[in-house]
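Step one of this worksheet: look at the structure below.
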Amino acid sequence: MCITMDLHKQTLSALGNSPAQRSLFGPVDREQLQVEYQAALRRDLDQACQRWGFDFASNKPLEQSMFQWEGIPGNEVPLLYRSCLPGLGHTEGQRASEADLKPRGRGRVGQPHSEEENIHCSPERCDLHPEKTPERREDTGLKRKQTNITDFYQSKRRFIWTPRKSGE
Amino acid sequence: MELLCLEMDTIIRARPDPNLLCDDRILQNLLTIEERFLPQYSYFKGVQKDIQPFMRRMVATWMLEVCEEQKCEEEVFPLAMNYLDRFLAVVPTKKCNLQLLGAVCMFLASKLKETRPLTAEKLCIYTDNSIRPQELLEWELVVLGKLKWNLAAVTPNDFIEHIVRRLPLPEDKLALIRKHVQTFIALCATDFRFAMYPPSMIATGSVGAAICGLQLDSADQSQWGDSLTDLLAKITNTEVDVLKECQEQIERVLVSSLREGRQQQQQQQTQRGPSGKGLDELDQSTTPTDVRDVNL
Chain A
6 MCITMDLHKQ TLSALGNSPA QRSLFGPVDR EQLQVEYQAA LRRDLDQACQ RWGFDFASNK
66 PLEQSMFQWE GIPGNEVPLL YRSCLPGLGH TEGQRASEAD LKPRGRGRVG QPHSEEENIH
126 CSPERCDLHP EKTPERREDT GLKRKQTNIT DFYQSKRRFI WTPRKSGE
Chain B
1329 MELLCLEMDT IIRARPDPNL LCDDRILQNL LTIEERFLPQ YSYFKGVQKD IQPFMRRMVA
1389 TWMLEVCEEQ KCEEEVFPLA MNYLDRFLAV VPTKKCNLQL LGAVCMFLAS KLKETRPLTA
1449 EKLCIYTDNS IRPQELLEWE LVVLGKLKWN LAAVTPNDFI EHIVRRLPLP EDKLALIRKH
1509 VQTFIALCAT DFRFAMYPPS MIATGSVGAA ICGLQLDSAD QSQWGDSLTD LLAKITNTEV
1569 DVLKECQEQI ERVLVSSLRE GRQQQQQQQT QRGPSGKGLD ELDQSTTPTD VRDVNL
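Heads up: the protein sequence lines correspond to chains A and B, in order. Each residue of the first sequence is one higher than the one before, starting from 6 at the first, in this note's numbering. Each residue of the second sequence is one higher than the one before, starting from 1329 at the first, in this note's numbering.
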């Protein structure tokens, strides 16, 4: 492991005099970037809410929903479907524990949690060490939440005469 | 310990799989689905207000340099450019965030294609620390959302083997041809005019340009039967005229890219004094053996 770390440091410092290391368009406005990031997440969340007819901020189905939502106790949900793997601190099972929904739940709970309750696993929730990308071969056991791939796929147009590619 | 050390330098690659390469259905499926992953609009005419075509080239050239220097797999760069174009086709972006976007796209493409992906820290260093790993990870999520998590896009590189193995080419030249084709594909990815072309056309045009550039087509005319272009067009169901035009466009881009590269090198040499690097080589051949020669 030490060797890996040393080599890692070496390769990073060796970048120091590469001509490819350059800033192309000047400094980045950090505050503005953060504002845009939050706005982008919120937009994504809103879209997801509309699409699934479910308010992911308050964990309640929307009034007009194409889907009929049914609550089940959090501990009956396979790990895979919980917000985070266990042992990852405060976010653990947040969604799962709140999963017993009232079918006709009324009133949205404000928006204060909207960023946190993003359906996607945003880095600040699950990645305890956002500064470090997990090194290969470094088995830290820290993995991002395993989401179901179908969470993000739009149903695809498929032509009848097109054979479906396996895995698609 | 020794085992660990040995492992460090082994790049794990899958062997070419005949089940994937020798089955017509694979090529047909690639041709069927490739259009799904094209950017939807020519975004400089609508969506983008702050970004100009030359800025796309700047960020593309930078991305190519990083991929080259990090010895990324060949398809990482074209795939990253596909992500970049698809994102820019839907999200108005400021130029000061363009490099961040480029870094995110490389990050994603590298993770999808490589056994040892680029790390966030490394990419941030390449931006001269103008962005932070935290920001890279945050925007990764935004980009993923906009791409609808559809990352396994078809790239021109996916077609190379399918095309090459259907051509009567000398065995001993195959490695060189592949290398040239990859160079042309990377070159196309830096140029916005190719961004809306189907990957199969870019691949077919690149193979044509490589074979012509190496003058393999004139060596033994009889073996081709039909002309090279006709044969190529048949393989990927491209129209002959369109393909010809594409190949010529690729050759023009190469020439202008070489000229620019030479000018830049001369500028650098006058600034730093002679370094004696490869100028003559560039003059001798119109097809470079390395992407680096094209884009320096």
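Ideal Cβ positions, reconstructed from N, Cα and C, are used throughout, including at glycine.
- request: Taking the CB atoms as reference points, tell me whether residue 1540/B and residue 1578/B lie closer together than 8 Å.
  value: No, the Cβ-Cβ distance between residue 1540/B and residue 1578/B is not below 8 Å.
field: DSSP three-state assignment for residue 60/A, whether helix, strand or coil
entry: The three-state reading of DSSP puts residue 60/A in strand, counting E and B together.
message: Distance cutoff 8 Å, beta carbons only. Does residue 1424/B sit that close to anything in chain A?
response: For residue 1424/B, the answer is yes, since a Cβ of chain A falls inside 8 Å of its Cβ.
field: Secondary structure of residue 66/A, DSSP reduced to three states
entry: Correct three-state label for residue 66/A: strand.
- request: Kindly list, in the order they appear in chain B, the residues whose Cβ is closer than 8 Å to that of residue 59/A.
  value: Against chain B, a Cβ distance below 8 Å from residue 59/A picks out nothing, because the smallest value is about 17 Å.
message: Can you check whether the C-beta of residue 42/A is within less than 8 Å of a C-beta belonging to chain B?
response: True, the Cβ-Cβ gap to chain B drops below 8 Å.
query: Apart from the five residues just before and just after residue 1478/B, which ones in its own chain have a Cβ nearer than 8 Å to its Cβ?
result: 1364 and 1365, listed in sequence order.
message: Mapping the DSSP letters down to three states, classify residue 1346/B as helix, strand or coil.
response: Assigned with DSSP and collapsed to three states, residue 1346/B falls in helix.
message: Pop quiz: residue 26/A and residue 1454/B are said to be a contact at Cβ under 8 Å. What is the actual Cβ separation, rounded to whole angstroms?
response: That belief holds up - the Cβ atoms of residue 26/A and residue 1454/B are roughly 5 Å apart, short of 8 Å.
task: Please report how far the alpha carbon of residue 118/A lies from the alpha carbon of residue 61/A, in whole angstroms.
output: Its pLDDT being 40, under 50, residue 118/A is placed unreliably by the model, and the measurement read from it follows with that caveat. Using only the alpha carbons, I get a separation of about 9 Å.
task: Check residue 31/A in the structure and name its three-state DSSP category.
output: Residue 31/A falls in the coil class under three-state DSSP.
task: State yes or no: is the C-beta of residue 1564/B within less than 8 Å of the C-beta of residue 1512/B?
output: No, Cβ-Cβ distance for residue 1564/B and residue 1512/B is not below 8 Å.
- prompt: Shortest alpha-carbon distance to residue 1385/B belongs to which of 1420/B, 1555/B, 1533/B and 1430/B?
  reply: The residue among 1420/B, 1555/B, 1533/B and 1430/B with its C-alpha nearest the C-alpha of residue 1385/B is 1430/B.
- request: Identify the contact partners of residue 1394/B in chain A, using a Cβ-Cβ distance below 8 Å as the criterion.
  value: What residue 1394/B touches in chain A, judged by beta-carbon distance under 8 Å, is 25, going in chain order.
- request: Check each residue of the segment 27 to 38 of chain A: if its Cβ is closer than 9 Å to any Cβ of chain B, include it; give the result in chain order.
  value: So the close ones are 27, 28, 29, 30, 31, 32, 33, 34, 35, 37 and 38.
query: Is residue 94/A buried or exposed, if buried means 16 or more other CB atoms sit within 10 Å of its CB?
result: For residue 94/A, the predicted structure reports a pLDDT of 43, less than 50, and the residue's modelled location is therefore unreliable. A value from the coordinates is still provided. Exposure of residue 94/A is indicated by the presence of fewer than 16 other C-beta atoms within 10 angstroms of its C-beta.
task: Using only alpha-carbon positions, find the residue among 1497/B, 1360/B, 1341/B and 1420/B that is nearest to residue 1374/B.
output: Check the Cα spacing between residue 1374/B and each of 1497/B, 1360/B, 1341/B and 1420/B: the tightest is with 1420/B.
query: By the criterion of Cβ-Cβ separation under 9 Å, what are the contact partners of residue 46/A in chain B?
result: For residue 46/A, the neighbours in chain B by C-beta distance under 9 Å run, in chain order, 1466, 1469, 1470 and 1473.
- prompt: Which value, in whole angstroms, describes the spacing of the CA atoms of residue 1413/B and residue 1588/B?
  reply: For residue 1413/B and residue 1588/B, the distance between alpha carbons rounds to 24 Å.
field: Per-residue DSSP class, three states only, for residue 1562/B
entry: Residue 1562/B: helix per DSSP, three-state reduction.
message: So if I threshold CB-CB distances at 7 Å, which residues from the segment 1409 to 1424 of chain B count as touching chain C?
response: Chain labels in this structure do not include chain C; the protein chains are A and B.
task: State the DSSP-derived secondary structure class of residue 1477/B, mapped to helix, strand or coil.
output: Coil, per DSSP.
query: Can we say the segment 1423 to 1437 of chain B touches the segment 26 to 39 of chain A, given the rule of at least three CB pairs closer than 8 Å?
result: Yes, the segment 1423 to 1437 of chain B is in contact with the segment 26 to 39 of chain A.
query: How about residue 49/A: is its C-beta nearer than 8 Å to some C-beta of chain B?
result: Residue 49/A counts as touching chain B.
field: Residue range of the unbroken alpha helix (DSSP H) whose run includes residue 1411/B
entry: Residues 1404 to 1416.
- prompt: Can the beta-carbon of residue 1404/B be found less than 8 Å from the beta-carbon of residue 1442/B?
  reply: Contact flag set, yes.
message: Against chain A, does residue 1429/B count as a neighbour if the rule is that its beta carbon must be under 8 Å from one of theirs?
response: So, not an interface residue.
message: Please state the DSSP three-state secondary structure of residue 1442/B.
response: Looking at residue 1442/B - three-state DSSP - the assignment turns out to be coil, as it is neither helix nor strand.
message: Measuring straight from C-alpha to C-alpha, what distance separates residue 1542/B and residue 1459/B?
response: Put simply, the backbone Cα of residue 1542/B is about 42 Å away from that of residue 1459/B.
- request: Throw me the rounded Cβ distance for the residue 1491/B and residue 1538/B pair, which I believe falls under 8 Å.
  value: Contact between residue 1491/B and residue 1538/B is absent: CB atoms are separated by about 10 Å, not below the 8 Å threshold.
field: Coil, strand or helix - residue 1429/B by DSSP
entry: When secondary structure is reduced to three states using DSSP, residue 1429/B falls in the helix class.
query: Going by other Cβ atoms of all chains shown within 10 Å of its Cβ, with 16 needed for buried, is residue 78/A buried or exposed?
result: Exposed, because fewer than 16 other Cβ atoms sit within 10 Å of the Cβ of residue 78/A.
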